[in-house]
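Its first residue numbered 1, the sequence shown is counted upward by one per residue in this note's numbering.
One structure is given below, encoded as C-alpha cells.
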Amino acid sequence: MKILICSDGTPSAETAIQLGGLLAGPLKAETTLLGIAETSQDESPLRETLQAQAQSLQARGVSVDIMVQSGEPVRQITDHTSKAAYDLVVIGARWTGATGHYWRSAKTYEVIKAIQPPVLVAIGECKQLTRFL
1 MKILICSDGT PSAETAIQLG GLLAGPLKAE TTLLGIAETS QDESPLRETL
51 QAQAQSLQAR GVSVDIMVQS GEPVRQITDH TSKAAYDLVV IGARWTGATG
101 HYWRSAKTYE VIKAIQPPVL VAIGECKQLT RFL
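Spelled out as C-alpha cells, the structure:
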C-alpha cells in the first residue's frame with residue numbers, strides 16, 4: 001500500500017500526519033510526506049518542519065520519504081498524484097465559520113474532485129486509532 005500525506009507545515013496538517021501515521025504503521029505502507037510551499041523561498045523552512053513531522057512518523061515505525069515542492073497546492077497535489085500511484089491521500093482541513101459539523105475548505109474539495117485516489121480528510125484531533133473500517 002502507498003500513502004501520500006500532504007502537509008503545508010501548519011498546525012492543521014498535524015492531524016493529517018497523525019492519522020496517516022496511525023494507518024501507515026500497521027499497514028506497513030510506503031509513505032510519502034509531500035510539502036507544498038507557496039513560494040520557493042518557503043521551501044527550506046517547510047523542509048525543516050517536514051523533517052520534524054517525519055520523525056514523529058518514524059517513531060511509530062513508519063518509513064517516510066519527504067518531498068518538497070512549491071506552487072499552488074491543488075495543482076501540485078494533482079500533478080504529483082498523476083505521476084505516482086497512491087492507494088490513499090491524506091490531507092488536513094480547517095474548521096471554518098460554518099455552523100454545525102461542517103467544513104468549508106475550497107482547496108480540499110478541489111483536491112477531492114481532481115485526483116484519482118481516495119482522499120481521507122483529517123479534521124480535529126486524533127491521538128489513537130482503535131477501529132477503522
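In this text, a Cβ means the ideal position worked out from N, Cα and C, and glycines have one as well.
- P73 is classed as buried because its beta carbon has at least 16 other beta carbons within 10 Å across all chains shown.
- Rounded to whole angstroms, the gap between the alpha carbons of Q51 and I66 is 8 Å.
- The Cβ atoms of G21 and R47 lie no closer than 7 Å to each other.
- Looking at the backbone, the Cα of L27 and that of M1 are separated by about 7 Å.
- Bridge partners of I115 according to DSSP: none are assigned.
- With contacts defined as CB atoms closer than 7 Å, S70 and T39 qualify as a contacting pair.
- Distance from A24 to G92 at the Cβ level is roughly 15 Å; contact not present, criterion being Cβ atoms closer than 8 Å.
- Inclusion of V68 and E30 in the CB contact set at 7 Å is not warranted, their separation being larger than that value.
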